[in-house]
Structure formats: structure tokens, C-alpha cells
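Numbering (this note's numbering), first residue to last: 8 to 519.
Yeah, the Cβ is synthetic: ideal placement off N, Cα and C, and Gly gets one too.
Quantities reported herein were computed from a predicted structural model and do not represent experimental measurements.
All remarks here apply to the structure that follows.
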RNA sequence: GGCUGGGUAGCUCAGCCGGUUAGAGCACGGCACUCAUAAUGCCGGGGUCGCGGGUUCGAGUCCCGCCCCAGCUACCA
């Protein structure tokens, strides 16, 4: 049993969870669950980034202390993840004392391992008093802050700790060359490679004006103690997580699941920090895409609104998970629409899998008193196994994590089963006792197909997969059944129950 | 502006190193069936493969030019 440590990017505690946050968690959860069924010893880490100027300002605006504010945000995030069935083993928060101590330890470790990694430098930037932060040229409109156009920007100089990122350009290039799997999908790797070609600039590691954060362990030459800047506070969470009480997070991580917008931080800055600290690098970074809504991108600055709880309530959390992972390519962008959601649900879940389960269990009850007969393996079994091999290849990390391809392969097995019924016509076979062996062979094959679907869909729809497994009378749980076990499954003697439909057809309500 | 990747049926996309009548799913139309959630299966209509040149016996598939779209072009977590 090999160890598999998967992480999500920690979410910034500046607002409530939205569709963009959910996509990443759902995708990573499917990967984590799949690896449990592949036989790995999985540790799944998610959490929150709770420090920084924006959080402090938002808390102040709300009239509460920063800690109190982030406590509330964290509660809403964890409640959402519970609703969606996210199976994380650890929820880390950067405001936790264990994180503070570990960040401090990491910085000291860098000072010890690479004495010249940090140095002091004066930084002069355009400072907006309204925002209480420095502005980059790109943030300016006609020389003024876009958010506070009535105020003039001040040229402010401060001394900070800087990290010698530029010194790692060659080592990073070498790492990318030696480990082509380090960053996937491939088009993201190309972007980073071109960035490395341009050469890297040093980055600041501490800030004077930010109070809400981890104190940088060494004062600057004036004696002033500054606050650790975001790179050195947030990115290390993957490593500091192991020092939380009860954690078994094994460093290095197997894969960091992150959004394409922060690929650079995870494949350049973070690895350079680890190199400076003399620590091993994560094996892989997977950059997923974004969901758009009405043509607009979901992000923290969301002008786009979609009530997550409403979307989940519409057809249930399992259907929501399925729709997102099936219809949004996990290596690129995709659009959310209520029409597509209902179309995919109706076609593939209600009419496809749900009806397949319904007609199969009905026939086993009607023709075999509900007990699955014995039956030799069929051409459908063989064809399914080829599809499941493809599904596994999309889940085991060997080609990144194109989850939509895994689901596409599973969907093919549903179509195959429905076609097999049509071809074999069990209701005709049942009329003549002479056809009994053939009837049993067909029904046994169908139950095997459904059982495998339950097992392979468990990472994507944990609730519905279990309901299907139960309806088939499978032993234990679908989630506890390894993929390899499913491939060789024999369902003889299982007792099926038809029960209610797995995926009831949606009410013909009008979508908003 | 530069770099990268794209523009193929109403929609989402496959089409590898050029080669018979350009494919899939969804949607749409017709037929069949009744085990099933008015579900399923079969058949069918539908595309000047972004535009214009070129190479070739032959080009969505290679070359050149142009138009359009997306991503990246680092201190926002």
C-alpha cells in the first residue's frame, strides 16, 4: 500500500464558498476517493488561508476581530464541504498556532540551510492609503488607484526581507526537465517553462504594514519585526499541516491540486522555497481550469452570482458533483448552465444509469425471485474492463487527472448495458423455460455491470453509488471495494431490491 | 505587443505521422419494443472542416498570409 498525499489550495477567508471553490474540492475529493479504491494509503488535506490585509480589513469592516471573523468563515466553508461529501482527512487553518510555529521553523530552516537565501532590501512602491497596500502598475488607472481615484498615491519606501528566487532559475529548469510529470496538464507546463526562460526576480518575504499574520522570525536591521508575507505563510501550509495535532500528513505531497491562476506560485516559488530549506519537492502539481457562468469567470472578485446551496439542492449533491466533473473538463475551463445540468442529469443519470438499475433489478426480482443467478462472463464484461482501464488511467495520475475522461469511459458501460438488454430481450427469453440458462447469463452479466458502475462511480457520487450497491445487495460498501476487486466481481447469490428510483426525473419546473 | 493553444454538424467536442462517401454524444424527425424512471434500441436529416493562396496524384490533416477566440506575460490572496 503506497502513500498518497493530496492537497487542495487553501481558500482565502475573505468571503463565502462559491462554485469555483467547490469545483476544486469536488475534483480533488474524487481523486482522493479513487486512490483509496486503487489501494493507496490516502491523506487528503484542505484548508483556509486566513491571514493578510484583506481579511483584516474585512473583519474590521464587520466590526469583529480577525480571528473571530475567520472562525465564522471557516465554519461556513466546512459546512459546505460536509454538504458536498468532501472526504478530507484534515482541515488546516493558517491562523492555528501549529501553523505559526511551523512557518517560523521553516523560515529558520532556510536561514540555516541557505544562509544567503534571505536578504534585506529597500522597496519603493506606490502606496494607496485607501487600500492600505502597495499598488502595481497594472492596478493603476491614469496614475491613481482604481478603487480610490480621489486619493493620490504616495511613493513609500520600506525595508523588507527578500527571498533570492532568482538564484533558483536554473535548478527549477533542471527539475522541470528531469520531471516532465511535475506540472500537468502539459500546456500549463509550457507556460511555466517560458516564464523560467525569462528569468526570475526576487520576491519579498516580509511586510511592515501588515499586522494580521505570522511574525517574521528575524527583525530587519532597524530592529523592527515584520510580518511574514503571503508566499511564506500560505504556500507552506502543505508542509506545516503535518505538525497539527493528530495529523499523519506525509511530506512530500503526491499532488497539489490548484487552480490554473496560481500554478506559478506552486511550481516556481514553492519549490524554490523547499530547495532553500533542503526539503523534498512535491511529486506533482495539477492545474485545473475554471467554471464560467454566463460567459464570466468565477473568482473571488465574483461579479457572477450563483447560490451554491441552491445548485446543490436542485438535484442533490451527488448529481451536482457528477455534472461538474462530467461536463467541465478538469484540465481546462467549462461553463455552468442550468440547462446543461438538467440535460446531463436526465440523459445520463435518470434515463441512463437510474433506469438501467431499475429495469435490471425489476427483472431479477420478477424472473429470479430477487436472487442474482450464476452466469459466465460475457462480451459486455470484456468490453467494460477495457473502459475501466481507461477510467483508471485518468484517475491514477499517470496522465494527470482528466476526470471528465474517466466519467466518459464509465458512461460508455451504461450505454453498453442498456443495449445488451435490448439485444437479449430477457422478457422474451423468460417465456420459454428452455431459454433459462441464457436468461440467467444475461441477468447475471447486467448485475455485474451495475456493480462495477457502483464501485467506479463511488469517487464521483459517493451517496448514490452506495445506494446502488445496496440495491444490488453487494457486500460491505462500494467505497470499500477496490477497483481491482470490482473488475473480477461475481455477484451470484446477491439479493437485489428494486426500491425507489435512484435518480428521479426532475420536476418540470421552470429554471430561473 | 510577445509567447502558446485553438477556430470541424444547432450545442460540446474526436479526428495521430496527409489517402476510400468527415465521426461521437446531446438536441431534432421517423420506426421498433415493453423488463424499466412516457425510460430503452434502431434508422435518418444536418457540416463549402474560420478566410485566401500554395505544395501534392490527393489536405480539416503540411507551408505562407489574414481574421477571430482563449491562456500566459510574476509579489492579489
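Boundaries of the beta strand (DSSP E) in which residue i is found, first to last residue
i	result
residue 498	Counting along the chain, residue 498 falls outside any beta strand (DSSP E), and DSSP gives it neither H nor E.
residue 52	48 to 56
residue 362	Looking at the DSSP string, residue 362 is not in any beta strand (DSSP E); the run it does join, the alpha helix (DSSP H), is 362 to 375.
residue 10	10 to 15
residue 300	298 to 300
Sequence-distant residues of its chain with Cβ nearer than 7 Å to residue i (five each side left out)
i	result
residue 437	374 and 446
residue 170	124, 125, 209, 210 and 212
residue 501	379, 454, 479, 480 and 481
residue 340	296, 297 and 299
residue 309	Bear in mind that a pLDDT of 45 at residue 309, under 50, signals an unreliable position, so the model cannot answer this.
Beta-carbon proximity list for residue i, same chain, < 6 Å, skipping 5 on both sides
i	result
residue 114	224
residue 397	416
residue 245	14 and 260
residue 402	41 and 413
CB contact flag (residue i, residue j, <8 Å)
i	j	result
residue 388	residue 420	no
residue 295	residue 268	no
residue 71	residue 20	no
residue 18	residue 56	yes
residue 473	residue 418	no
residue 496	residue 461	no
residue 251	residue 99	yes
residue 237	residue 59	yes
residue 489	residue 44	yes
residue 242	residue 277	yes
residue 291	residue 127	no
residue 352	residue 510	yes
residue 265	residue 16	yes
residue 39	residue 51	yes
residue 167	residue 97	no
residue 65	residue 76	yes
Alpha helix (DSSP H) segment containing residue i, residue limits
i	result
residue 333	324 to 334
residue 93	Element bounds for residue 93: n/a, residue is neither H nor E.
residue 425	410 to 431
residue 112	104 to 120
residue 197	193 to 205
residue 31	26 to 44
residue 343	That residue, residue 343, is in no alpha helix (DSSP H); its beta strand (DSSP E) goes 341 to 343.
residue 395	386 to 400
residue 61	60 to 69
Residue i classed as buried or exposed, judged by whether at least 16 other C-beta atoms fall within 10 angstroms
i	result
residue 378	exposed
residue 10	exposed
residue 219	buried
residue 186	exposed
residue 370	buried
residue 194	exposed
residue 452	buried
residue 36	buried
residue 131	exposed
residue 108	exposed
residue 307	Reliability of the predicted coordinates at residue 307 is poor, the pLDDT of 43 falling under 50, and the value obtained from them is presented with this limitation in mind. With fewer than 16 other Cβ atoms within 10 Å, it is exposed.
residue 434	exposed
residue 381	exposed
residue 197	exposed
residue 14	buried
residue 456	buried
residue 69	exposed
residue 8	exposed
residue 165	buried
residue 508	exposed
residue 368	buried
residue 432	exposed
residue 424	buried
Sequence-distant residues of the same chain with beta carbon closer than 8 Å to residue i, five excluded per side
i	result
residue 206	173 and 176
residue 199	183, 190, 270, 271, 274 and 275
residue 203	176, 179, 180, 183 and 275
residue 83	23 and 24
- [ ] Report the residue ranges of all alpha helix (DSSP H) runs contained in full by the stretch 211 to 293; include only those spanning at least 4 residues, in chain order.
- [x] 237 to 241, 244 to 247 and 277 to 284
Open item on the list: Just to confirm the assignment: which complete alpha helix (DSSP H) runs, minimum length 4, are found wholly within the stretch 456 to 498?
Closed with: 469 to 479 and 490 to 494
Open item on the list: In chain order, what are the residue ranges of uninterrupted alpha helix (DSSP H) at least 4 long that sit wholly in the stretch 161 to 191?
Closed with: 176 to 185
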